[in-house]
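Counting in full-length UniProt numbering, the sequence shown runs from 1 upward without gaps. To start, the structure itself, in structure tokens.
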Amino acid sequence: MLDSSLSPLLVQQEMHGLSVVLRVAGELDQVTAPALRANLQTALAAATPPHSLVIDLAEVEFFGSAGLNALLELRRETVAKGVQLRVAAAHKIVLRPLGMTGVDRVLGLYPDVEQALAADSHA
Numbered sequence: 001m002l003d004s005s006l007s008p009l010l011v012q013q014e015m016h017g018l019s020v021v022l023r024v025a026g027e028l029d030q031v032t033a034p035a036l037r038a039n040l041q042t043a044l045a046a047a048t049p050p051h052s053l054v055i056d057l058a059e060v061e062f063f064g065s066a067g068l069n070a071l072l073e074l075r076r077e078t079v080a081k082g083v084q085l086r087v088a089a090a091h092k093i094v095l096r097p098l099g100m101t102g103v104d105r106v107l108g109l110y111p112d113v114e115q116a117l118a119a120d121s122h123a
């Protein structure tokens, strides 16, 4: 579990086989978006096609338009690189904005990281 009490955004990158998991905690807004984008770029650089880059948003406490835009930019980049983008999110704080904007229809959404990673074996 990431402790976001000291910073509005915490990001931790992990390798699971050839897949990359980026765990995000805290607030995704205009202030934290540049740090998120930098971490997304680092994770994308570590991702190996055709494996996945999983963005874990389970511990996100606020998800604003800057977070949506960062995910859409990342999706374009993962498609170009041949990496599968998967987003793990089960809380309405994240799911509601994704659904209201239609972004949920273009992202691979999963209820948790385990199911997102398991999708690699079924792809």
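Beta carbons are placed, not taken as given, at the ideal position from N, Cα and C, and that holds for glycine. All of these numbers come straight from a predicted model, not from anything done at the bench.
Nearest-angstrom beta carbon gap, residue j and residue i [assumed within contact, 8 Å]
i	j	result
Ala-89	Ala-70	With 8 Å as the limit, Ala-89 and Ala-70 do not qualify as a contact, their Cβ atoms being about 14 Å apart.
Gly-108	Val-83	Their Cβ separation, rounded to whole angstroms, is 11 Å, which puts Gly-108 and Val-83 out of contact at 8 Å.
DSSP bridge partner residues for residue i (one or two, in chain order)
i	result
Ser-52	Gln-84
Whole-angstrom distance between residue j and residue i, CA atom to CA atom
i	j	result
Thr-42	Ala-80	16 Å
Leu-95	Asp-29	15 Å
Met-15	Val-21	6 Å
Ala-35	Leu-44	14 Å
Asp-120	Pro-8	31 Å
Leu-18	Thr-101	31 Å
Residues of its chain near residue i, where Cβ-Cβ distance is below 7 Å and the 5 sequence neighbours each way are ignored
i	result
Leu-72	Val-103
Chain-order list of residues whose beta-carbon lies under 6 Å from that of residue i (same chain, five-residue window excluded)
i	result
Ser-4	The pLDDT assigned to Ser-4 is 47, lower than 50, so where the model puts this residue is not dependable; a value taken from the coordinates is nonetheless given after this. Closer than 6 Å at the Cβ level, and outside the excluded window around Ser-4, lie Leu-10, Ala-25 and Gly-26.
Asn-39	Val-11
Leu-98	Asp-104
Ala-46	Val-20
Candidates the options, of which the one nearest residue i by Cα
i	options	result
Val-31	Leu-74, Phe-63 and Leu-53	Phe-63
Ala-33	Val-106, Ala-118, Lys-92 and Ala-66	Ala-66
Asn-115	Asp-56, Pro-49 and Val-106	The question names Asn, yet the displayed sequence has Gln at residue 115. For the residues Asp-56, Pro-49 and Val-106, the minimum Cα distance to Gln-115 belongs to Asp-56.
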